[in-house]
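Residues 458 to 725 (our numbering) are what the sequence shown spells out, left to right. Glycine is no exception: its CB is placed at the ideal position from the N, C-alpha and C atoms. Let me begin by presenting the structure, written as structure tokens, before commenting on it.
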Amino acid sequence: MAIQLRCGSISLLVMNSMLAQPVQNAKRGCMMRVPSPGDKVGTSFPKAWWSQIFREDKMLQFESLGSQEPDYLAVLIHGYGADGHDLIGLANPLAPYLPKGLFLSPHAPHPVAGMGPGREWFPLQSLQPREFNEGVVKAAPQLTAFLGQQLESFDLSWDKLLLIGFSQGTMMSLEVGLRLPKAPLGIIGFSGALPGPDRLADEISCKPPVLLVHGDADPVVPVDASQRAHRLLQEVGVNSSLHISPNCPHSIAPDGLAQAASFIQKHI
């Protein structure tokens, strides 16, 4: 049986049995100063490079659930119109596959007008590739800085990082995760797309394993977005897998969540 979790205006479908326990002891955090949108993310920066690009007084807030002495960090990156509360619930079904893992779910920095607590990593005035490309490029340094600071605080290396994104969060995960100084543990992208495909071959700095999951009945982000992303990732040598959930809208279906669990178990 499936139940629904709200993700902004998006429904996430997951199995009751996989969410047998409610989200418990989730903690809210407050993270470092953020870099300016124009800061460029490079691939040969020093260990604490992110401490040098803080420019503003805003703080990046997040939800957390899991080990306080983690061996792994799993960062859940929500979609447009949602916030960090919506994906932190995925920690419960996925935690058994990531021993001593800490799940973090940051809130995107920008509020979405008219959507209550909904937030965005970058604005979506129109659904055009150019807008996606410009948006992720501006947003990437802030998320990358968050990841680096969190890893350093637990004395963990990049290969102990798992990125899990949904929709716009998948775009952010792919933009950031393929341009880190060292390959993360993996990237799982639900119902998303690959931004700036024409930039990928020139900018990719690491090749983590990637799992893309998409519903074939998605009316928001068509399934061919993940199909194209899968092909492009394979062309540049990324170990990419694609799972298509039948009759699934802009959601996470039980079979897709099971694929994510198997992916984690395989790569830790």
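Beta carbon of residue i nearer than 9 Å to that of residue j
{"i": "Val677", "j": "Gly646", "result": "no"}
{"i": "Glu609", "j": "Ser562", "result": "no"}
{"i": "Ile644", "j": "Ser662", "result": "no"}
{"i": "Gly626", "j": "Gly592", "result": "no"}
{"i": "Val633", "j": "Ala597", "result": "yes"}
{"i": "Asp659", "j": "Leu642", "result": "no"}
{"i": "Gln585", "j": "Val532", "result": "no"}
{"i": "Ser525", "j": "Leu555", "result": "At residue 525 the sequence reads Gln, which differs from the Ser that was named. No. Outside cutoff."}
{"i": "Ile600", "j": "Val695", "result": "Sequence check: residue 600 is Leu here, not Ile. No, they are not a contact pair."}
{"i": "Ala640", "j": "Pro665", "result": "yes"}
{"i": "Cys705", "j": "Ala686", "result": "no"}
{"i": "Phe579", "j": "Lys557", "result": "no"}
{"i": "Pro566", "j": "Leu517", "result": "yes"}
{"i": "Pro553", "j": "Ala715", "result": "no"}
Residue i: first and last residue of the uninterrupted beta strand (DSSP E) it sits in
{"i": "Leu669", "result": "Val667 to Gly672"}
{"i": "Gly536", "result": "Gly536 -> no beta strand (DSSP E), and no H or E assigned at all."}
{"i": "Gly558", "result": "Gly558 to Pro563"}
Identity of the residue in the options nearest residue i by Cα
{"i": "Leu669", "options": "Leu699, Gly558 and Ile721", "result": "Leu699"}
{"i": "Pro527", "options": "Ile709, Thr601, Ser614 and Gln599", "result": "Ser614"}
{"i": "Lys723", "options": "Gly546, Phe603 and Leu551", "result": "Leu551"}
{"i": "Ser711", "options": "Gly672, Val693, Gln684 and Ala531", "result": "Looking at the sequence shown, residue 711 is not Ser but Pro. When each option's Cα is compared against that of Pro711, the closest is Gly672."}
{"i": "Ser708", "options": "Gly523, Asp543 and Leu522", "result": "Asp543"}
{"i": "Gly546", "options": "Lys557, Gly523 and Pro706", "result": "Gly523"}
{"i": "Ala548", "options": "Leu530, Ala565 and His564", "result": "Leu530"}
{"i": "Phe589", "options": "Leu517, Phe720, Ala682 and Leu714", "result": "Ala682"}
{"i": "Ser624", "options": "Leu714, Leu651, Lys595 and Gly605", "result": "Leu651"}
{"i": "Gly702", "options": "Gly713, Ala565 and Ala602", "result": "One detail in the question is off: residue 702 reads as Ser in this sequence, not Gly. Selected option, being the one with the closest Cα: Gly713."}
{"i": "His413", "options": "Leu581, Pro553, Gln582 and His535", "result": "An answer regarding residue 413 cannot be provided, because it is not within the stretch 458 to 725 covered by the chain."}
{"i": "Leu581", "options": "Gly605, Met628, Leu604 and Arg688", "result": "Met628"}
Run of the alpha helix (DSSP H) containing residue i, from where it starts to where it stops
{"i": "Leu551", "result": "Ala548 to Leu551"}
{"i": "Leu555", "result": "Careful: Leu555 lies outside any alpha helix (DSSP H) and carries neither H nor E."}
{"i": "Leu544", "result": "Gly541 to Ile545"}
Closer than 8 Å: residue i CB and nearest the ligand HEM heavy atom
{"i": "Pro527", "result": "The ligand content of the structure shown is nil, which means the ligand HEM is not present either."}
is_contact[residue i, chain B] using C-beta, thresh 9 Å
{"i": "His567", "result": "Of the chains in the structure shown, none is chain B; there is only one protein chain."}
### Query
If you pair each beta-carbon of the region 653 to 660 with each one of the region 616 to 624, do three or more pairs fall below 8 Å?
no
### Message
Assess contact between the region 531 to 544 and the region 571 to 589, defined as three or more Cβ pairs (one per stretch) separated by less than 8 Å. Is contact present?
### Response
yes
### Task
With a floor of 3 residues, list each beta strand (DSSP E) that falls wholly inside the region 586 to 633, ordered by position along the chain.
618 to 623
### Query
Where are the beta strand (DSSP E) runs, 3 residues long or more, that stay fully inside the region 632 to 720, in chain order?
643 to 647, 667 to 672 and 697 to 702
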